[in-house]
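Scroll down for the structure; my scribbles are underneath it.
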Amino acid sequence: MPDVSFLFGQFLGGLTTAMFLFLIASGLSLVFGVMRVLNFAHGSFYMLGAYLAWQVVQWLAPMLNSFWPAVLAAALGVAVLGGVVERLLLRHLYGREELYQLLFTYALVLILGDVAKATWGTRQLSVSRPPLLAGGFDLFGTTLPAYNLFIMLLGPLIALAVWGMLTRSTAGRMIRAAALDREMLGAMGADVGAIYTSMFVVSSFLAGLAGALVTPIQSIVPGMDVEIIVEAFIVVVIGGLGSFWGTFWGSVIYGQVLSFGILVFPSFSIFSVFALMAVILIVRPWGLFGRPIR
Numbered sequence: 003m004p005d006v007s008f009l010f011g012q013f014l015g016g017l018t019t020a021m022f023l024f025l026i027a028s029g030l031s032l033v034f035g036v037m038r039v040l041n042f043a044h045g046s047f048y049m050l051g052a053y054l055a056w057q058v059v060q061w062l063a064p065m066l067n068s069f070w071p072a073v074l075a076a077a078l079g080v081a082v083l084g085g086v087v088e089r090l091l092l093r094h095l096y097g098r099e100e101l102y103q104l105l106f107t108y109a110l111v112l113i114l115g116d117v118a119k120a121t122w123g124t125r126q127l128s129v130s131r132p133p134l135l136a137g138g139f140d141l142f143g144t145t146l147p148a149y150n151l152f153i154m155l156l157g158p159l160i161a162l163a164v165w166g167m168l169t170r171s172t173a174g175r176m177i178r179a180a181a182l183d184r185e186m187l188g189a190m191g192a193d194v195g196a197i198y199t200s201m202f203v204v205s206s207f208l209a210g211l212a213g214a215l216v217t218p219i220q221s222i223v224p225g226m227d228v229e230i231i232v233e234a235f236i237v238v239v240i241g242g243l244g245s246f247w248g249t250f251w252g253s254v255i256y257g258q259v260l261s262f263g264i265l266v267f268p269s270f271s272i273f274s275v276f277a278l279m280a281v282i283l284i285v286r287p288w289g290l291f292g293r294p295i296r
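Just so we're on the same page, the working numbering is the position in the sequence shown counted from 1, plus 2.
Structure below.
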């Protein structure tokens with residue numbers, strides 16, 4: 003039987019995975035909750051964030067602390083790309099059948115995937131951890147890397163910041179109103195188009211941020227966008243489509259089920275996650291924290 007320190011290590015590993023997933027799945031959930039758009043290209047924005055972070059690190063290689071400027075530059079670059087995509091392309095599909103939006107975002111996946119291969123090739127790339135977070139801590143008999151602890155703390159901080167913005171600010175009230183009845187909000191004189199663009203930019207920023215932050219612990223390779231978007235959709239299905247806190251707790255559940263599933267099904271650990279998703283879809287199709295869409 004595994005000892006307590008080993009189980010605690012599995013818990014921490016699952017929590018690190020959960021916070022990375024939350025960073026990307028939160029943007030996916032926000033876009034669906036406000037705009038009712040299932041953005042398959044969200045994973046591609048995550049991949050571009052990783053590649054851009056690597057590229058900026060190469061440009062700033064003489065600097066000792068090039069990692070943090072690279073993370074910020076990558077997230078902002080992806081945010082700008084998201085704003086351009088929404089403003090010039092995606093907004094023409096609002097009000098049409100969801101199939102058109104799915105086909106459009108899937109086409110973006112193919113296009114951005116080829117752009118990444120043409121620009122950076124197909125070899126594996128990686129980024130070193132920032133010197134400040136290169137060490138680790140001994141915690142209850144388990145060595146916890148400092149970078150993992152940073153990610154564990156960053157996830158809840160971003161969750162609280164976004165929640166505060168949505169519930170305590172004028173912009174948040176406008177966003178919630180747009181999610182409930184965009185036609186009425188537009189009739190009252192609000193610029194619904196600007197709200198949608200802002201939400202897509204924020205969503206893209208979170209995807210780019212997650213991609214940039216994952217580079218020290220995961221190789222940057224073509225195809226990482228497809229893998230992460232599947233995991234992100236599982237998270238939002240578990241938590242509930244459009245539910246922000248559902249996405250947070252769905253990420254935590256996903257991370258822990260995957261981490262401890264390795265102990266039960268070493269060769270089929272992902273099976274436990276898909277099994278959980280299947281049960282939730284049967285028992286509560288709108289997710290653990292979501293609401294039925296009427």
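Using N, Cα and C, we set each Cβ at its ideal position, and we do this for glycine too.
query                                                                                                                                        : result
Using only the alpha-carbon positions, how far apart do Leu50 and Val80 sit?                                                                 : 7 Å
Count the other CB atoms within 10 Å of the CB of Glu185; is the residue buried (16 or more) or exposed (fewer)?                             : exposed
When the Cα of Gly138 is compared with those of Pro132, Ala173, Ala148 and Ile240, which residue comes out closest?                          : Ala148
What is the C-beta distance between Phe22 and Ala212, in whole angstroms, given that I count them as a contact (C-beta under 8 Å)?           : 6 Å
Could you check what DSSP says for Thr144 in three-state terms: helix, strand or coil?                                                       : strand
Of all the beta strand (DSSP E) runs that stay within the bounds of the region 146–179, which reach a length of 3 or more residues?          : none
Would you mind stating whether Thr249 and Phe24 have Cβ atoms separated by less than 9 Å?                                                    : yes
Would the beta-carbon of Ile236 fall within 9 Å of that of Val275?                                                                           : yes
For Gln60, is the classification buried or exposed, using 16 other Cβ atoms within 10 angstroms of its Cβ as the cut-off for buried?         : exposed
Val39 and Leu92: beta carbons closer than 9 Å?                                                                                               : yes
Report whether the distance from the Cβ of Leu159 to the nearest heavy atom of the ligand MG is below 8 Å.                                   : Questions concerning the ligand MG fall outside what the structure shown contains, since it holds no ligand whatsoever.
Return yes when the Cβ of Met154 is within less than 9 Å of the Cβ of Thr18, no when it is not.                                              : yes
Buried or exposed, going by whether 16 or more other CB atoms sit within 10 Å of the CB of Tyr198?                                           : buried
My parser needs the alpha helix (DSSP H) runs of 4 or more residues fully inside the region 79–148; what are they?                           : 100–122
With a floor of 4 residues, list each alpha helix (DSSP H) that falls wholly inside the region 175–244, ordered by position along the chain. : 184–189, 194–216 and 226–241
Hey, how far is the Cα of Gly163 from the Cα of Gly242?                                                                                      : Before going on, a small fix: residue 163 reads as Ala here, not Gly. Taking the straight line joining both Cα atoms gives about 20 Å.
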